[in-house]
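Each remark here refers to the structure printed beneath this line.
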Amino acid sequence: MEPQTIKPQWNALIILGCLAFAVALSSYIAIGATARYMQDDYCYSITLAGKGFWQGQIDSYLHETPYDAERFSLTLGMALSEAAGRWTVTVLPGFMVLLLVGGLYGILRRVEPVGGPVLSRIQALVVAEALTLFSIAMAPNWVQVVYWRAGMFTYFAPLVCGTYLVLILLDAGQRRKWRGFRLACVFILALLAGGFSESATAVLVSALTIALGLVSLGGKKYRPWLFPLGMALTGGIMAMVVLLISPGNVLRLATSYAEPSGLRTTVVGTLYNAVYFYIYTAYRQTLPYTFVFIFFGLFTLLVDSRQRKIRPTSSRSLVLGIAVWLGGTFILTAAAMAPGQYLESSYPAARV
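According to my numbering, the residues represented by the sequence shown are 99 to 450, in order.
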């Protein structure tokens, strides 16, 4: 189903919004040109210079190091950046921002078969830009997440990688051509996305488990996505296992951390931290979130009112959908909190 043509004045408003978001994102990209080496960046540079590309990967996984340990995707990304040259430090922030916009745009253009809205190119672009801008601007520590290279690979790269994982998953369920290649990409992307950090792995596996459960209960319409999601979940679980069994990680936990929290303490602390996150967010970022709700609320009304066919939704389905969305969001928030609670019995750092 194609989106219905909207009135010229509304179309002009969307184009204006698209330009405004583009200007705002351009400022973040421009700031990236001033990025420089910070903290762990020097350690990775010395590792590559002293041990070489492949030996550096092996040693970081097998032996304890104070800055990377078992995070194999982080080590790989940093080594590739170092091998390419120091110019990547200033280019990567803007490149990652553009990658996120492109990935979100692709998803928004493909979500109709799984119950998503029908968006035109310009509508999908303005939403992709808005999501990217709000995600960066409202991050508790966006400087370290975007402009510190080691922090970017640890916390921003999983988001970008996960976005393209969703994009390929949507294609894998809709298109038969090159299906084997897409499934291989799904597995590899899930494995890489889970290898950047413990929090990224926990969120990835939780999200894929929820998605697989919903698809399993969704009926025949969603069956084409069962196997691709299973492949993605397998890749995510494998990444988690690789992180957990790393010899370097075992040594690091034994020497650098206190005894990990027990199961009860971890569960209670994780739930408490998740609730605290929402309370803190509502208290500290009330105005930004209010603007987000207003923007997407008005945009949703505009798009829904212009669709050729609007399928009526029962009150029961609406309540169930909201409950699933809220529950899934809380589970993913708790998943992000769990590793820090288990290892350090504390609320995660702002950059997480």
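Note that CB positions come from ideal geometry on N, CA and C, so glycine has one too.
The structure displayed is predicted, hence computed values, not measured ones.
Residue burial classification, residue i (beta-carbon count within 10 angstroms, cutoff 16)
| i | result |
| --- | --- |
| Trp185 | exposed |
| Ser295 | buried |
| Gly395 | exposed |
| Val284 | buried |
| Thr173 | buried |
| Trp423 | exposed |
| Ser158 | buried |
| Ser171 | buried |
| Pro345 | exposed |
| Arg480 | Given a span of 99 to 450 for the chain in the structure shown, any question on residue 480 remains unanswerable. |
| Gly425 | exposed |
Separation of residue j from residue i, as counted between CA atoms
| i | j | result |
| --- | --- | --- |
| Gln137 | Gly311 | 41 Å |
| Ile220 | Pro238 | 30 Å |
| Ala128 | Ala120 | 12 Å |
| Cys141 | Gly148 | 11 Å |
| Trp240 | Pro191 | 11 Å |
| Arg169 | Leu111 | 44 Å |
| Leu441 | Ser297 | 11 Å |
| Leu385 | Pro215 | 27 Å |
| Lys317 | Val212 | Note that residue 317 is Gly in the sequence shown here, rather than Lys. Going from the Cα of Gly317 to the Cα of Val212 covers about 12 Å. |
| Glu210 | Ala434 | 29 Å |
| Cys116 | Leu229 | 12 Å |
| Ile156 | Gly278 | 30 Å |
| Leu341 | Ile377 | 31 Å |
| Thr431 | Pro446 | 11 Å |
| Glu180 | Phe251 | 13 Å |
| Trp108 | Ile420 | 28 Å |
| Ile343 | Leu160 | 10 Å |
| Met236 | Leu178 | 29 Å |
| Ile408 | Thr145 | Bear in mind that a pLDDT of 48 at Ile408, under 50, signals an unreliable position, so the number given afterwards is only what the model happens to contain. Computed Cα separation, rounded: 58 Å. |
| Tyr135 | Val417 | 49 Å |
| Arg382 | Pro322 | 42 Å |
| Leu361 | Trp276 | 44 Å |
| Phe193 | Leu265 | 18 Å |
| Gln102 | Ser444 | Low confidence applies to Gln102: its pLDDT is 48, below 50, so where it sits in the model is not reliable enough to give any reading. |
| Gly150 | Ala131 | 27 Å |
| Val339 | Gly293 | 10 Å |
| Phe375 | Arg414 | 29 Å |
| Phe393 | Ser218 | 18 Å |
| Leu197 | Gln153 | 30 Å |
Cβ-based neighbour list, residue i, same chain, cut-off 7 Å, excluding 5 preceding and 5 following
| i | result |
| --- | --- |
| Gln439 | Ser359, Thr364, Gly367, Thr368 and Asn371 |
| Leu289 | Gly333, Met336 and Ala337 |
| Leu327 | Leu267, Leu306, Ala309, Leu310 and Val313 |
| Ala226 | Val199, Leu202, Tyr203 and Leu206 |
| Gly260 | Ala291 and Leu302 |
| Leu223 | Cys116 and Tyr203 |
| Val390 | Phe232 |
| Pro437 | Glu296, Ser297 and Ala300 |
| Phe428 | Ala372 |
| Met329 | Leu281, Val284 and Phe285 |
Rounded Cβ spacing between residue i and residue j (contact assumed at less than 8 Å)
| i | j | result |
| --- | --- | --- |
| Gly183 | Ala255 | Actually they are not in contact, since the Cβ atoms of Gly183 and Ala255 sit about 19 Å apart, beyond 8 Å. |
| Leu123 | Val195 | 6 Å |
| Gly249 | Val258 | That belief does not hold up - the Cβ atoms of Gly249 and Val258 are roughly 14 Å apart, past 8 Å. |
| Leu263 | Ala270 | No, Leu263 and Ala270 are not in contact; Cβ-Cβ is about 10 Å, not under 8 Å. |
| Tyr245 | Ala133 | 5 Å |
| Tyr126 | Ile286 | No, Tyr126 and Ile286 are not in contact; Cβ-Cβ is about 29 Å, not under 8 Å. |
| Tyr387 | Thr379 | 7 Å |
| Asp139 | Arg247 | 5 Å |
Cβ shell of residue i (< 8 Å), same chain only, five flanking positions each side left out
| i | result |
| --- | --- |
| Leu331 | Ala288, Val303, Leu306, Thr307 and Leu310 |
| Leu114 | none |
| Leu324 | Leu310, Val313 and Ser314 |
Neighbourhood of residue i by C-beta distance below 6 Å, restricted to the same chain and skipping five residues each side
| i | result |
| --- | --- |
| Tyr320 | Val313 |
| Ser143 | Glu180 |
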